[in-house]
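Trainee: The structure that follows is given in the form of structure tokens.
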Amino acid sequence: MNIYIKCILKKIIGIDEISDKIFNIYMINKYFSKNLSNTSIKIFKNHYINHIKYTNIIINTIKPNYFNIYYIKQLLINEDLTLKIIDKIPILIKNLPYKYKNNKELLLSLCKKENTLIKYASYELKSDYDFINKMISIYPASIYYASANLKDNYSLALKAVNLDGDTIEYLSERLRNNNDIYNIAFKNKFNYF
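Using UniProt numbering, the final residue of the sequence shown is 193, and nothing's skipped along the way.
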């Protein structure tokens, strides 16, 4: 059927470049704009994987609904494609290998879009002072995911409670009982106490 449509377009329009463009738009709309299927994945791998222009259009066309996630995971074929797809659908980080979960810049950029993704960061990142410090600026409650050592760090605790007093509950017991931290948290509280 698809070949038939392509032949009709070439016959009507007569210019291969324009008819190919129209055909590709038709294919993308038909196989990628609604629910994905095995056919969608097969078409992508056979026809579009090497065409950056159409790959970007397809990634932007795909809807990240519950039913599509299974098929979207099958599109994570190479590094570039994976990075493009998780940039559009950050929640996929939970299904990716460790090397992505340990990439500081990638996690920071994804957490700017969806701050709770810090829970999928590697243990090394959750123990990294610089990473947690930057994450607290984005999402003060990220101190919850920090290692026990960093939850006991005075400067990180001070920064977190300055931004959101409710984060006092995630700090170490020593810092929760610190008068300075307590007073700042009480002043900046939203729901705590």
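For every residue, glycine included, the Cβ atom is placed at its ideal position computed from N, Cα and C.
By the three-class DSSP mapping on this structure, what secondary structure does residue 47 have?
Mentor: Correct three-state label for residue 47: helix.
Trainee: What span of residues does the alpha helix (DSSP H) with residue 169 cover, start to end?
Mentor: Per DSSP, residue 169 belongs to no alpha helix (DSSP H) and is neither H nor E.
Trainee: Ignoring anything shorter than 4 residues, give me the alpha helix (DSSP H) runs that lie fully in the segment 45-99, in order along the chain.
Mentor: Qualifying alpha helix (DSSP H) stretches, in chain order: 52-61, 69-74 and 79-88.
Trainee: Between the segment 107-127 and the segment 74-83, do three or more beta carbon pairs fall short of 8 Å?
Mentor: Result no; under three Cβ-Cβ pairs closer than 8 Å.
Trainee: Report the three-state DSSP secondary structure of residue 192 (helix, strand or coil).
Mentor: Summary for residue 192: the model assigns pLDDT 47, below 50, so the residue's position carries little reliability; its value from the coordinates is reported in the next sentence. Residue 192: coil per DSSP, three-state reduction.
Trainee: Are the beta-carbon atoms belonging to residue 93 and residue 123 less than 8 Å from one another?
Mentor: In this structure, residue 123 does not lie closer than 8 Å to residue 93 by Cβ.
Trainee: Report the rounded CA-to-CA distance for residue 145 versus residue 117, giving the unit in angstroms.
Mentor: If you take the alpha carbons of residue 145 and residue 117, they lie about 10 Å apart.
Trainee: Determine the DSSP secondary structure at residue 164, reduced to helix, strand or coil.
Mentor: Here residue 164 sits in coil by DSSP.
Trainee: Round the Cβ separation of residue 58 and residue 32 to the nearest angstrom and send it over; I've been treating them as touching at under 8 Å.
Mentor: Yes, residue 58 and residue 32 are in contact; Cβ-Cβ is about 5 Å, under 8 Å.
Trainee: Hey, residue 188 and residue 152 are a contact pair by Cβ (cut 8 Å); roughly how many whole angstroms apart?
Mentor: Residue 188 to residue 152, Cβ: 20 Å. No contact.
Trainee: Three-state secondary structure (DSSP) at residue 144?
Mentor: Note: residue 144 maps to helix in three-state DSSP.
Trainee: Smallest Cα separation from residue 169: which of 137, 179, 141 and 159?
Mentor: That would be 141, whose Cα lies nearest to the Cα of residue 169.
Trainee: Taking a contact to mean a Cβ-Cβ separation below 8 Å, would you say residue 101 touches residue 131 in this structure?
Mentor: Cβ distance not < 8 Å, so residue 101 and residue 131 don't count as in contact.
Trainee: For the putative contact between residue 91 and residue 114, defined by C-beta atoms under 8 Å, what is the C-beta separation to the nearest angstrom?
Mentor: Rounded, the Cβ-Cβ distance is 7 Å, consistent with contact.
Trainee: Between residue 136 and residue 159, how many whole angstroms is the CB-CB distance? I'm expecting something under 8 Å.
Mentor: Confirmed, Cβ separation roughly 5 Å.
Trainee: To the nearest angstrom, how far is it from the Cα of residue 186 to the Cα of residue 134?
Mentor: So the two alpha carbons sit approximately 23 Å from each other.
Trainee: Within this structure, are the beta carbons of residue 54 and residue 28 separated by less than 8 Å?
Mentor: Yes.
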